[in-house]
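A.B. asks: Numbering (the numbering used here), first residue to last: 120 to 202.
From the three backbone atoms N, C-alpha and C, an ideal C-beta is built for every residue, glycine too.
Computed from a predicted structure; not experimentally measured.
The structure under discussion is supplied below as C-alpha cells; questions concerning it will follow.
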C-alpha cells in the first residue's frame, strides 16, 4: 500500500477532520482514507449540459407549433403603469 504525507495542513482542518472521525467512530487516518477514496470514485456524469437535460425532460410537453405564442418582435414597447 502507498503512503501519502500532507505537509502544511492547517490546524483547523486537522481539528475538523478529527471531529469528523470521532463522529463516524473511526480513527483520523481511516476517516482521511475514506474521504480520499470517495473523492476519486468514478461517478458517471450525465451527457450534455443543463440545457440539454432540461430539453430532454420536457420534449413531449408544451405547445405545438400551431399553438405557439406569437413573437412580439417589431411591436412598440409600452412602459408599465404602476399607478
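Just confirm the distance between the C-beta atoms of residue 150 and residue 164, as a whole number of angstroms; I'd bet it's less than 8 angstroms.
C.D. replies: Counted from its first residue, the chain shown places residue 150 at position 31. Counted from its first residue, the chain shown places residue 164 at position 45. The pair is not a contact, with the Cβ atoms about 26 angstroms apart (cut-off 8 angstroms).
A.B. asks: Can you name the start and end residues of the alpha helix (DSSP H) that residue 151 belongs to?
C.D. replies: By one-based count along the chain shown, residue 151 stands at place 32. Note, residue 151: alpha helix (DSSP H), 147-159.
A.B. asks: Can the beta-carbon of residue 156 be found less than 8 angstroms from the beta-carbon of residue 147?
C.D. replies: The residue given as residue 156 occupies position 37 in the chain shown. The residue given as residue 147 occupies position 28 in the chain shown. Result no, Cβ atoms of residue 156 and residue 147 do not sit closer than 8 angstroms.
A.B. asks: Give every residue of the same chain whose Cβ lies closer than 6 angstroms to the Cβ of residue 170, excluding the five residues on either side of it in the sequence, and list them in chain order.
C.D. replies: On the chain shown, position 51 is the one that residue 170 refers to. Same-chain partners within the cutoff: there are none.
A.B. asks: Can you tell me where the alpha helix (DSSP H) holding residue 136 begins and where it ends?
C.D. replies: Locating residue 136 in the chain shown gives position 17, where the first residue counts as 1. 130-143 is the extent of the alpha helix (DSSP H) around residue 136.
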